[in-house]
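Shown next, in structure tokens, is the structure this report addresses.
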Amino acid sequence: MEDVEKEDKKEIPKFTWVVLIILGCIDLFWGIMHTIFIDEAIALFAHFDLSGPMAGDLMLQMTAFGISNLITGAMFIMIALKARQLAEIVLICIPVAYLIGIIAIKIKNIVPQSDLLGQYGMMVYLVVCIITFIATRVKIWHENKKK
């Protein structure tokens, strides 16, 4: 019975969970920027116009996004350290969730008025998720082929 359980548990390559730790650290950094250093984040990356009546709403939304970054960052690190077999699933869930968000933005015809320079870092982040997921699948496939 134990042999069957060991076979069912696939070994996740080290690079997979290391990348998830790095992404977790990036999320923690973004969370800190969006919450504690929100003024600097707006000035450096978002370029929001805070002179209008919606300034408070923009800052509230940015802070809420930062809170979720703090949560996901901590979760990614915990998963990488304590539940490594879930790392590849997390890596593909990230771009899938953002794809749903992008589709919703397009359907609602939402057009940003600011530069939102952080989007370029986010694109790199998502590409890293996808490439790491694919590399993990290939490595696992290759290891299983050897058996």
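Counted from 1, the sequence shown has number 82 at position 82 by the numbering used here; the numbering is strictly sequential.
Ideal Cβ positions, reconstructed from N, Cα and C, are used throughout, including at glycine.
- In chain order, Ile12, Thr16, Trp17, Leu20, Ile79, Ala80 place their CB closer than 7 Å to the CB of Ala87, counting only its own chain and leaving out the 5 sequence neighbours on each side.
- The alpha-carbon separation between Arg137 and Lys14 amounts to approximately 13 Å.
- Pairing Met59 with Ile67, the inter-Cα distance amounts to about 12 Å.
- Residues of the same chain with a CB within less than 7 Å of the CB of Ile130, apart from the 5 flanking positions on each side, are Pro95 in chain order.
- For Ser114, there is no enclosing alpha helix (DSSP H), as DSSP gives it neither H nor E.
- Under a 10 Å Cβ-count criterion, His142 is classified as exposed, with fewer than 16 other Cβ atoms of the shown protein chains found around its own Cβ.
- Counting of Cβ neighbours within 10 angstroms places Gly73 among the buried residues, the total reaching 16 or more.
- Taking Lys139 as the centre and dropping the five residues before and after it, the same chain places the C-beta of Pro13 closer than 6 Å to its C-beta, in chain order.
- The shortest C-alpha to C-alpha distance from Ser114 to any of Leu126, Ile92, Ile22, Ala43 is the one to Ala43.
- Straight through space, the alpha carbons of Tyr120 and Val127 are spaced by roughly 11 Å.
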